[in-house]
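Using this note's numbering, read the sequence shown as starting at 14 and increasing by one per residue.
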Amino acid sequence: MPDADLMDKLVSLSKRRGYIFQSSEIYGGTGSVWDYGPLGVELKRNIKDRWWSSMVHRRDDIEGLDAAILMNPKVWEASGHVDGFSDPLVECANCHRRFKADLPEVEGGQCPTCGTREAFGEPRMFNLMFKTFMGPVEDSTATIYIRPETAQGIYVNFLNVQGAARQKVPFGIAQIGKAFRNEITPGNFIFRTREFEQAEMQFFVKPGDDDEWFDRWMEIRMQWHKDLGIRAEKLRFHEHGPDELAHYAKKAYDIEYEFPFGWREFEGIHNRTDFDLSRHQEHSGKRLEYIDASSNERYLPYVVETSMGVDRTLLVVLLDAYREEDIEGNTRVVLGLNPSLAPIKAAVFPLVKKDGMPEIARKISDALRAAAVPAFYDQSGAIGRRYRRQDEIGTPWCVTVDGESVESGTVTIRDRDSLQQVRVSTDQVVLWIQERLD
Ligand code: ATP
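The structure is reproduced here in structure tokens:
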């Protein structure tokens, strides 16, 4: 399947089946903002839950945090975002549209919108932070920013968390939350949007131990994506060269996926040194040093950051899972999602709407829900169509109640990928599915 088709198909499936809708669609949408529907919200939660579990629940050296989106504006002066978080833009003198200065057409001197040649002014810097006002007065003293990354909420709380949780360096702080960037060229569905979610972890280490921890986190994070079921051949590292490195970074690697529009980053691993803590120390006038109780040493820790875009990861998961199979001349669309990520774990069908089958099927779907296994009951239409609808949204198992069920107390469970059916005792269905989810 040509790659461009894959994106179109995914966008259409996402809308039709309730994964992702355009924000404010009835008003014509809003620029590069998306809403997650009933299935999308489940998939996103499952991705975040896996991340949180691997970072916070399964480790004793990382603490969780949920910092506010709105922060004291001095935070963004200290972090360098007020001065540095910007892209050079040029304006066309004819149509007055603005473009990134490094777009190929623009570099070639032609306006991508109206086609006028050589009508660009000098590039000007355009800050990517959204601004608003806090309080009733709308003047410059009331200006605050809507955070463009979650990391700063972690740095300013470094000593709060360390002291309250009695952690010793090396340790980390993890946070999942929304971030906002007034991107100039958003696009590719949920790949680059103006409102998105990040799952970030800042790991504080003794200077000198940073390279070793950097390597360790690179490996852990790559393995995490492979464990989601993402094909290894579609994943790679990309090291930032000297001209790509952010102002705060000593070393940076992206984890890239081969999207239909090319290899692109969806997670970054950065050695941010003590840049952020030292800037906050300077700008706030508060000491942010860590005191090692055993040696009485005082120092500003170095930070190794892992920064994953939740929405981009969700796009990776969907793209990687989408496949079309030819089955006896018919196309079967399958989302081969890892069962732990699938929004619905099991669909339950009575083969026909009579002979006691719906009652048994209802009981099974109720039992699944009572065990907190998201289940879906469906009795309408031909059984083949019901299977296909579930394949398309990634449901790993379909439980069918048939004539034999009424007699023998067993049902069939169909596997989404192998299409194998096994007979399982009706009262074992919940356990059978739970075992496979573990
Ligand atoms: P890019 O170069 O693609 O703009 P970045 O290098 O600015 O990304 P970081 O600041 O390192 O990105 O942010 C970490 C992660 O946050 C990215 O890997 C990405 O998954 C996610 N992210 C950043 N900007 C956006 C956006 N506009 N829309 C969706 N996700 C984003």
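Think of the CB as a built atom: it goes at the ideal place given N, C-alpha and C, for glycine as much as any other residue.
{"Asked": "Kindly indicate which residue of V103, L331, I82 has the alpha-carbon position closest to the one of F202.", "Found": "L331"}
{"Asked": "P255 and L52 look like a contact to me (Cβ under 8 Å); what is the Cβ gap, rounded to whole Å?", "Found": "Contact doesn't hold; Cβ gap of about 43 Å is too wide."}
{"Asked": "So is T126 buried or exposed if we call it buried at 16+ other beta carbons inside 10 Å?", "Found": "exposed"}
{"Asked": "Return the first residue and the last residue of the beta strand (DSSP E) that N284 is part of.", "Found": "275-286"}
{"Asked": "If we call anything under 8 Å between Cβ atoms a contact, is W230 one with I167?", "Found": "no"}
{"Asked": "By Cβ distance, which residues of its chain are closer than 7 Å to H296, with the 5 residues on each side in sequence left out?", "Found": "K87, E90, A91"}
{"Asked": "Could you check what DSSP says for I243 in three-state terms: helix, strand or coil?", "Found": "coil"}
{"Asked": "CB V323 to CB K61, shorter than 8 Å?", "Found": "yes"}
{"Asked": "Looking at the ligand ATP, does it come within less than 7 Å of S320, judged from the CB to the closest heavy atom?", "Found": "yes"}
{"Asked": "Kindly provide the ranges of any alpha helix (DSSP H) runs that are 4 or more residues long and lie completely inside the segment 151-193, ordered along the chain.", "Found": "164-168, 171-178"}
{"Asked": "Which whole-angstrom value is the C-beta distance of F98 and L56, which I expect to be below 8 Å?", "Found": "Contact flag wrong, Cβ pair sits at about 30 Å."}
{"Asked": "Cutting at 6 Å between CB atoms, please list the residues of its own chain near E162, excluding the five before and the five after it.", "Found": "A192"}
{"Asked": "Can you pull the DSSP bridge partners for L83?", "Found": "I159"}
{"Asked": "Which residues mark the beginning and the end of the alpha helix (DSSP H) in which T326 is found?", "Found": "323-334"}
{"Asked": "Can you look up Q294 in the DSSP assignment and give me helix, strand or coil?", "Found": "helix"}
{"Asked": "Any heavy atom of the ligand ATP within a distance shorter than 7 Å of the CB on Q211?", "Found": "yes"}
{"Asked": "Please specify which runs of the beta strand (DSSP E), each continuous and at least 3 residues long, are wholly inside the segment 222-269, giving them in chain order.", "Found": "248-252"}
{"Asked": "Find the nearest neighbour of P314 within the set L327, S320, Y335, R292, judged by alpha-carbon distance.", "Found": "R292"}
{"Asked": "Answer yes if the segment 264-279 comes into contact with the segment 237-256, meaning at least three C-beta pairs across the two stretches below 8 Å, and no otherwise.", "Found": "yes"}
{"Asked": "At 4 residues or longer, what runs of the alpha helix (DSSP H) sit wholly inside the segment 68-134?", "Found": "87-91, 94-97, 117-120"}
{"Asked": "Apply the 10 Å Cβ neighbour rule to M370 and answer buried if 16 or more other Cβ atoms are within range, or exposed otherwise.", "Found": "buried"}
{"Asked": "Give the single residue among E213, T439, L444 whose Cα lies nearest to the Cα of D79.", "Found": "E213"}
{"Asked": "With contact counted as at least three CB pairs below 8 Å, one residue from each stretch, are the segment 425-441 and the segment 401-414 in contact?", "Found": "yes"}
{"Asked": "Between S210 and L301, what straight-line distance do the alpha-carbon atoms span, to the nearest angstrom?", "Found": "Per the sequence presented here, residue 210 reads as Glu, with Ser not at that position. In a straight line, the C-alpha of E210 is about 28 Å away from that of L301."}
{"Asked": "In chain order, what residues of the same chain have a beta carbon less than 6 Å from the beta carbon of I189, not counting five sequence neighbours either side?", "Found": "K61, A212"}
{"Asked": "Near V386, which residues of its chain fall below 8 Å by C-beta distance, leaving aside the five closest residues on each side in sequence?", "Found": "K358, A359, V443, I446, Q447, L450"}
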